[in-house]
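Residue 141 in numbering that gives the first Met the number 0 sits at position 142 of the sequence shown, and the numbers go up by one each step. This report concerns only the one structure given below.
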Amino acid sequence: MKEAIRRKRKQLGCLPRSKYDIIVRCLNGSFDVPVKKRTPEENNCLAMIRKRKDFELGDRGSLLCGGKQVLVKEDLPRFVEKMFMENKGCGARVIYNKLKVNYTGFSEQAILEILYNSKYYHEKYPRFTNKPKPKTITEEEPGKRWQIDIINMKNQSVSYKGSTYSYILQVVDVYSRYVMPKPLKTKSSREVAKALEDVLMVNLAPDIIQCDNGLEFKGPSMKLLLNKYNIKMINSRPYHPQSQGKCERSNSVIKAKILFATKSKRGFNWVEGL
0 MKEAIRRKRK
10 QLGCLPRSKY
20 DIIVRCLNGS
30 FDVPVKKRTP
40 EENNCLAMIR
50 KRKDFELGDR
60 GSLLCGGKQV
70 LVKEDLPRFV
80 EKMFMENKGC
90 GARVIYNKLK
100 VNYTGFSEQA
110 ILEILYNSKY
120 YHEKYPRFTN
130 KPKPKTITEE
140 EPGKRWQIDI
150 INMKNQSVSY
160 KGSTYSYILQ
170 VVDVYSRYVM
180 PKPLKTKSSR
190 EVAKALEDVL
200 MVNLAPDIIQ
210 CDNGLEFKGP
220 SMKLLLNKYN
230 IKMINSRPYH
240 PQSQGKCERS
250 NSVIKAKILF
260 ATKSKRGFNW
270 VEGL
């Protein structure tokens, strides 16, 4: 004997007051509109009753669906506000999970829209709309501005020619997005400066190099290098990774490619691959 497969019943959507009243009248036997005079809404409610088969009336004449009380669409904001206040400003998901224990006829998205349009929600979680738009760093021609960063590869350290490499110096041309990565054994200022000079020796020196506030980009070795090539160093704003957007994006791409190559090629060495 084959086991019967039970299909998951579709969740009841928000019912406006008019539909709610029609369904209640149908269930208590007071709906007596002739077939030819029924509106599309009334026909829709009758079809819903036949299809779901889990509507019933509660003790006080309230509409139940699957044993849970159906909330009218017009009453939902009042219930959401009450739950929001009782639970000290909780989010839409918490309110949804608490309400669905005893009620039905709403969705998490409907609760979210009510919260976003409510005064009490924005009093607790104000939105500041006067923030300045982030300025995108651009250049008009290649070779004028570079962005540099360190990629931490400690979890994928490899040996190459007798040395262990755990970092990558990422160098990106802002205009062309051309990347010039260099493997590093450590991220000391001296080694970073040496790797950066290797890049400068095979490329025209830019006017500006932009980096974060890491200690690896400071120190005597880096200052000597910048003076030697007459390069201006600019530090990006702390806690604003979007100011290093080109570099951050390139970092993700390189790490993804290294991970893919490591899994698809046995014995792949990313230092050699760079």
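In this text, a Cβ means the ideal position worked out from N, Cα and C, and glycines have one as well.
Could you give the residue range of the alpha helix (DSSP H) that holds residue i?
i	result
V191	188-200
D20	16-27
F78	75-85
L224	219-227
Please check the pair residue i and residue j, which I expect to be a contact at CB under 8 Å, by giving their CB distance rounded to whole angstroms.
i	j	result
C210	I147	5 Å
V157	G104	About 58 Å; that fails the 8 Å criterion.
L195	L168	7 Å
L62	Y19	6 Å
V170	L114	Not really, about 46 Å apart at Cβ, beyond 8 Å.
So if DSSP puts residue i in a beta bridge, which residue, or which two residues, is it bridged to?
i	result
Q209	Q146, I233
K67	C64
S158	T163
Out of the options, which one is the CA nearest neighbour of residue i?
i	options	result
R51	E40, G57, G65	G65
L199	V32, D58, S117, W145	W145
E85	K217, L98, S187	L98
G60	S188, P39, A255, L26	L26
L224	N212, P205, S235	P205
G142	R92, Y174, P15	Y174
A255	H121, V93, C44, Q155	Q155
Please report how far the alpha carbon of residue i lies from the alpha carbon of residue j, in whole angstroms.
i	j	result
E139	D172	12 Å
I208	S263	35 Å
P33	K72	27 Å
S235	S187	20 Å
I4	R49	In this prediction, I4 has a pLDDT of 38, which is less than 50 and means its spatial position is unreliable; what the coordinates show is noted afterwards. Answer to the nearest angstrom: the Cα atoms are 21 Å apart.
M0	D53	Note that M0 scores 39 on pLDDT, short of 50, meaning its location in the model is unreliable; the coordinates nonetheless yield the value given after this. About 27 Å.
M232	R189	16 Å
E247	Y177	13 Å
P15	S106	14 Å
G266	R126	51 Å
M318	K181	What is shown of the chain runs 0 to 273, which leaves residue 318 out entirely.
K123	S117	11 Å
I257	Y164	14 Å
D197	I94	58 Å
What span of residues does the beta strand (DSSP E) with residue i cover, start to end?
i	result
K181	181-183
E271	Per DSSP, E271 belongs to no beta strand (DSSP E); it is in the alpha helix (DSSP H), 269-272.
Indicate, with yes or no, if the ligand PLP has a heavy atom lying under 7 Å from the CB of residue i.
i	result
L111	As presented, the structure is devoid of all ligands, the ligand PLP included, so that no description of it is given.
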